[in-house]
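Quick note: the sequence shown uses my numbering, first residue 381, plus one each step.
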Amino acid sequence: MKQKVGVLASGRGSNFEALLHHERTGFFQNIEIACLIVDQPQAGALEIAQRYGVPAYTLLRKDFSSKEAFEQAIAHTLDLHGVSWVVLAGYMRLVGPTLLDKYPQRILNIHPALLPSFPGLHAQRQALEYGVKVSGCTVHFVDSGMDTGPIIVQRCVPVLPNDTEETLSARILEQEHQAYAHALKAVTERPWRIEGRVVRFLDETKE
Ligand code: GRF
381 MKQKVGVLAS GRGSNFEALL HHERTGFFQN IEIACLIVDQ PQAGALEIAQ
431 RYGVPAYTLL RKDFSSKEAF EQAIAHTLDL HGVSWVVLAG YMRLVGPTLL
481 DKYPQRILNI HPALLPSFPG LHAQRQALEY GVKVSGCTVH FVDSGMDTGP
531 IIVQRCVPVL PNDTEETLSA RILEQEHQAY AHALKAVTER PWRIEGRVVR
581 FLDETKE
C-alpha cells in the first residue's frame with residue numbers, strides 16, 4: 381500500500397498542484413497525496429484540492445488556545461488519513477515540537493532560495509537586494525529552525541540584470557515545481573540517511 385502524504389499550505393498552492401500533477405501522471409511509486417490542511421480560509425490551495433478531489437481542511441490558529449493544541453489538531457487530521465509524510469507547500473508557520481516529534485525526518489519544506497542564503501520571508505527580494513548572480517530553490521527536511529534542516533535537493537537559476545522580484549520569483553517557481561516532486565520521490569523511493577546534516581543517498585557512489 382502506498383504511504384500517505386499530508387500537505388500543509390497557507391496560500392496560492394502552486395507547489396501543491398505541481399505535486400498533484402506529478403502524482404496523477406504516475407511519477408511517484410510509493411506515495412499518494414491523502415489530504416490538504418490550510419491555516420488560511422482564503423488559501424487558493426483549497427480550490428485546487430476541490431478540483432483534484434483531495435480532502436481538505438481549514439484549521440485556524442486563532443481557534444486554539446496554544447500552538448501545541450493547534451498542532452495536535454493538525455496531527456489528529458493527518459491521523460484520520462494515515463499520513464506518514466508531511467509536505468509544507470507555502471505553509472507560513474514555524475513547525476513546533478508536537479509535529480516535529482510525531483514525524484521525525486518526515487516533514488519536507490521548499491524555500492525559494494539557495495539555502496543557507498536568504499532564509500525567512502521574501503527570499504527572492506533578499507537575493508535581488510544582495511546582488512547575487514544565481515539563486516534557486518531548496519527542498520529540505522524541517523527541523524525546529526527557520527529553513528535550517530538538512531538539504532535534499534537544490535536547483536539554481538540565473539539572476540538577470542533586469543530582474544524584478546516578480547520575474548525572479550517566476551523563474552524560481554518553475555524550478556520549485558520540479559524540485560519538490562523529485563525530492564519527495566527520492567526520499568520515498570531511495571535509501572538514505574542523514575550524516576551530520578548531510579542527506580546521503582546510499583545508492584549514490586561516493587567520489
Ligand atoms: C513558494 O515560493 C515556496 O517556495 C514558499 O512559498 C511559496 C508558496 O507558493 N515556501 P505556492 O503556494 O506553492 O504557490
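Cβ atoms here follow ideal geometry from the backbone N, Cα and C, with glycine treated the same way.
Between residue i and the ligand GRF, is there a pair consisting of the residue's CB and a ligand heavy atom that are separated by less than 7 Å?
i, result
"Ile574", "no"
"Pro492", "yes"
"Leu416", "no"
"Cys517", "yes"
"Ala429", "no"
"Ala389", "yes"
"Arg570", "no"
"Phe665", "The chain is shown only over 381 to 587; residue 665 falls outside these bounds and no answer can be derived."
"Ala566", "no"
"Leu480", "no"
"Leu548", "no"
"Ala469", "yes"
"Glu554", "no"
Quick check on DSSP: helix, strand or coil for residue i?
i, result
"Lys384", "strand"
"Gln485", "coil"
"Ala503", "helix"
"Leu399", "helix"
"Ser376", "What the structure shows of the chain is the stretch from 381 to 587, and residue 376 is not part of that stretch, so it cannot be assessed."
"Ala389", "strand"
"Ala414", "strand"
"Phe560", "A small fix is needed here, since residue 560 is Tyr in this sequence, not Phe. Three-state result, Tyr560: helix."
"Tyr471", "coil"
"Thr438", "strand"
From the DSSP output, which residues share a beta bridge with residue i?
i, result
"Glu575", "Val578"
"Thr569", "As written in the sequence, residue 569 is Glu, which differs from the Thr given in the question. None, per the DSSP bridge assignment."
"Arg535", "Cys517"
"Ile588", "No information on residue 588 is available, as it lies outside the stretch 381 to 587 that the chain covers here."
By how many angstroms is the C-alpha of residue j removed from the C-alpha of residue i?
i, j, result
"Leu458", "Ala566", "22 Å"
"Gln409", "Lys382", "8 Å"
"His461", "Val385", "9 Å"
"Leu474", "Tyr560", "19 Å"
"Leu400", "Cys517", "19 Å"
"Asp419", "Gly393", "12 Å"
"Thr544", "Leu508", "8 Å"
"Arg577", "His520", "11 Å"
"Tyr432", "Val579", "32 Å"
"Leu439", "Pro492", "25 Å"
"Val512", "Val539", "7 Å"
So, for residue i: in the same chain, excluding its five sequence neighbours on each side, which residues have a beta-carbon less than 6 Å away from its beta-carbon?
i, result
"Gln506", "Phe498"
"Ala455", "Lys482"
"Met472", "Ser390"
"Ala436", "Leu416, Leu426, Ala429"
"Val533", "Val519, Ala559, His562, Ala563"
"Leu388", "Ile417, Leu468, Tyr471"
"Lys590", "Summary: the structure shown does not reach residue 590, with the chain confined to residues 381 through 587, and so no result is reported for it."
Near residue i, what residues of its chain come up, given a Cβ to Cβ distance below 7 Å and the 5 sequence neighbours on each side ignored?
i, result
"Glu556", "Asn395, Ile490, Pro492, Cys517"
"Gly424", "Gly391, Arg392, Gly393"
Within its chain, find whatever has a CB closer than 8 Å to the CB of residue i; leave out the 5 residues flanking it on each side and keep chain order.
i, result
"Arg570", "Phe581, Leu582, Asp583"
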